[in-house]
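Asks: Each residue of the sequence shown is one higher than the one before, counting from 3 in the working numbering.
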Amino acid sequence: MWEPQIDADSSLEQEFLGALARLDRLRSEHRLDDLLARSRHGDLSPDEKQELTLLLGTLKQG
């Protein structure tokens, strides 16, 4: 069975945290896509409009 070459526990931790960050970004991108698609039909609540604005700012920086 293949096992990654890890030099230290901190490397494993960094790999894990990096994977979590990538998953979080993907979740945000999918949510953004959903909100944008719904916004084209005018189906967003005020809270969703605020969430859309926040996601646009967050993903633009990232």
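Think of the CB as a built atom: it goes at the ideal place given N, C-alpha and C, for glycine as much as any other residue.
Please report the distance separating the alpha-carbon of histidine 43 from that of aspartate 36.
Replies: 12 Å
Asks: What span of residues does the alpha helix (DSSP H) with aspartate 26 cover, start to end?
Replies: 11-41
Asks: Whole angstroms is fine: what's the gap from glycine 59's alpha carbon to leucine 34's?
Replies: Whole-angstrom Cα-Cα distance: 11 Å.
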